[in-house]
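Here the structure comes first, spelled out in structure tokens, and everything after it is commentary.
Residue numbers (my numbering), protein chains in the order written: chain A, 99 to 395; chain B, 55 to 356.
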């Protein structure tokens, strides 16, 4: 029987097309990109070998450090917030709303399917100070507080970016974590309750440890997604004011396509890849249990 | 009434199983749940209000934006802003470009991805674990790693200046997750089914097409939805390979929309946002359960 399921020709026909497309347009360029990191130039003016110069430049480039700092700050703050708020929402769904949570889950989830560009333009208007006063500043004015130029100061712009992404993603993480919480067997909760655990104690000692696997995979998804932030920043602040909210992805994009420095651009992309790997390994390592099985799906 | 053993303490953990029918609608119950109700009301307002505001704004005129407070209703329900989006803003072209770039890629991703998933999970051969890992690596690596070499390739092969770079890149970038998800779905199908169909005389290719694909029909639909959202909402790849304004996808078009006039034209901007949001929102309204299931299952993409 295995001769049929092991038919070499059939495997070739079935796997070949996908593998070909994937190799030519993803694997091969990834390797090519590694080669670019030791080159200087671009396809129009030609390339020149320059050894580790790009890496030296990266570590001496204040703009690169600023982009790295912003990326880390954004990724860590947003990961904590979106997984944290998502977890609170999922607790709300499971323990307070129970079977009635379906509609709320659906409504809180929807922003994640909306195009980032559209949401960003909408948030620009929501937080607008001039020439029209947006809803947020109008509310502040109603309480006697003067309008804030949210996109004019780096700190405010940072929090608007965080706020918008939190608005978009919290429902998504809530549903992701909810799936983990409903898997906790009812009788475990029940017996803990008989033993006198309730409220915060029950959540801390029973629910939290039991939902740890899905919690950790959420962290990994979140950090990998947030380190690669691009759409939100491009559409909401375009990296400004100044370069204050420019992440590595946008800095790489500008270096490569505005200044035509393909070698240096590839180096920044490689640094980003290494950063994603480091964080993923770090989160895996920080837990004693092997979570690879649960973490996959 | 008072005989029910359910305690109402406000944290609500006690009656998770709610064995006794919850008939109590007393004052204590109401006030005990009030904070939660308020919280949910605030949550719903935060989620839904921006959409309502966008919709109302898309009917307002420029002077209404400048002179009326933000909560005012539009004075008339004219479609002028929408007409401007499609005439001055050329959104018709952008939507057409998006459709041309996304749907062929989507079809290829699904057919190739399902076939590869079948080959990796149902077929028995040496090295299939390694190949699956190879595909998985593609999920982790940021798209920035492939943009520059691809730009060179498309430039040198003369594809730049058409929608081919988008179609090809979308197809490749959607492949890893699709292969991975399809392999997972085929894992749930008992291999005996395929053994039986081959015993009945079907070739393995025929078994895949006539037995395997119909069995994972729902999964295929879910994966298709997930990939549709990723590709339709993509900005990075579209921005990289869009070299002229006629090639803009709907996202790139919207990004450049506000810049066209100098001063912000509020009404048309809101209408453009509404047009962009409308498609995905409509799909979500009809298929929200599948979308939620698919997107959370596909979250390995991160």
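Beta carbons: idealized from backbone N, C-alpha and C, even for Gly.
Query raised in the report: Between the region 269–281 of chain A and the region 241–251 of chain A, are three or more C-beta pairs nearer than 8 Å?
Result: Taking a cut-off of 8 Å for Cβ pairs, the region 269–281 of chain A and the region 241–251 of chain A do not touch, as fewer than three such pairs fall below it.
Query - Inter-stretch contact at 8 Å, needing at least 3 Cβ pairs: the region 314–323 of chain A / the region 128–139 of chain A - result: Cβ pair count under 8 Å is below three, so no.
Query raised in the report: Roughly how many angstroms lie between the CA atoms of residue 340 of chain A and residue 267 of chain B, to the nearest whole one?
Result: Straight through space, the alpha carbons of residue 267 of chain B and residue 340 of chain A are spaced by roughly 52 Å.
**Report entry** Exposure label - residue 118 of chain A; buried when at least 16 CB within 10 Å
**Finding:** When all chains shown are included, residue 118 of chain A counts as exposed.
Query raised in the report: Which chain A residues are close to residue 323 of chain B, counting only those with a beta carbon under 8 Å from its beta carbon?
Result: Result: 219 and 223.
Report task. Verify the CB distance criterion: does residue 273 of chain A have a CB-CB separation below 7 Å to chain D? Result -> Here chain D cannot be found, since the structure's protein chains are A and B.
Query raised in the report: residue 293 of chain A by DSSP, collapsed to three states: which one?
Result: In the structure shown, the three-state DSSP call for residue 293 of chain A is coil.
Report task. Please decide whether residue 236 of chain B counts as near chain A, where near means a Cβ-Cβ distance under 7 Å. Result -> Answer no: the Cβ-Cβ gap between residue 236 of chain B and chain A never drops below 7 Å.
Report task. Might you give, ordered along the chain, the residues of its own chain that have their beta carbon closer than 8 Å to the beta carbon of residue 108 of chain B, omitting 5 neighbours on each side? Result -> 324, 327, 328 and 331.
Report task. For residue 307 of chain A, count neighbouring C-beta atoms within 10 Å of its own C-beta (all shown protein chains included) and say buried if the count is 16 or more, exposed if not. Result -> Residue 307 of chain A is exposed by the Cβ-count criterion.
Query - Reference residue 264 of chain A; option with closest CA among A:327, A:196, A:242 and A:193 - result: Of the residues A:327, A:196, A:242 and A:193, the one whose Cα lies closest to the Cα of residue 264 of chain A is A:327.
Query raised in the report: Does DSSP put residue 76 of chain B in a helix, in a strand, or in coil?
Result: Residue placement at residue 76 of chain B is flagged as unreliable, the pLDDT there being 47, under the threshold of 50; a coordinate-derived value is accordingly withheld.
Report task. Starting from residue 192 of chain B, follow the alpha helix (DSSP H) in both directions and report where the run begins and ends. Result -> Looking at the DSSP string, the run of the alpha helix (DSSP H) that includes residue 192 of chain B is 182–194.
Query raised in the report: Along chain A, which residues have their Cβ under 9 Å away from the Cβ of residue 227 of chain B?
Result: In chain order, 123 and 124 make up the part of chain A whose C-beta sits under 9 Å from the C-beta of residue 227 of chain B.
Report task. Report, in whole angstroms, the separation of the C-beta atoms of residue 172 of chain A and residue 345 of chain A, which I expect to be a contact under 8 Å. Result -> About 6 Å; that satisfies the 8 Å criterion.
Requested in this report: Could I get the ranges of all uninterrupted beta strand (DSSP E) runs contained in the region 124–212 of chain A, with 3 residues as the minimum, in chain order?
Outcome: Listed in chain order, the beta strand (DSSP E) runs fully inside the region 124–212 of chain A are 137–140 and 144–147, counting runs of at least 3 residues.
Query raised in the report: If you run the structure through DSSP and keep just helix, strand and coil, what is residue 337 of chain B?
Result: Helix at residue 337 of chain B.
Report task. Please report how far the alpha carbon of residue 77 of chain A lies from the alpha carbon of residue 193 of chain A, in whole angstroms. Result -> With chain A covering 99 to 395 only, the question about residue 77 of chain A has no answer from this structure.
Requested in this report: Anything in the region 151–168 of chain B with a Cβ closer than 7 Å to a Cβ of chain A? List those residues in chain order, please.
Outcome: The region 151–168 of chain B vs chain A, Cβ under 7 Å: 166 and 167.
**Report entry** residue 225 of chain B to residue 145 of chain B span [Cα, whole Å]
**Finding:** Answer to the nearest angstrom: the Cα atoms are 24 Å apart.
Query raised in the report: What span of residues does the alpha helix (DSSP H) with residue 150 of chain B cover, start to end?
Result: Run containing residue 150 of chain B: 145–175, per the alpha helix (DSSP H) assignment.
Requested in this report: Please say whether residue 277 of chain B and residue 346 of chain B have beta carbons closer to each other than 7 Å?
Outcome: In this structure, residue 346 of chain B lies away from residue 277 of chain B, with their beta-carbon atoms at least 7 Å apart.
Query raised in the report: Which chain A residues sit within Cβ distance under 9 Å of residue 90 of chain B?
Result: Under the 9 Å cutoff, chain A gives 190, 194 and 195.
Query raised in the report: For the candidate residues A:369, A:348, A:382 and A:224, whose alpha-carbon lies nearest to that of residue 154 of chain A?
Result: That would be A:369, whose Cα lies nearest to the Cα of residue 154 of chain A.
Query raised in the report: Where does residue 49 of chain A sit, in a helix, a strand or coil, going by DSSP?
Result: Nothing about residue 49 of chain A can be reported from this structure: the residues present for chain A run from 99 to 395 only.
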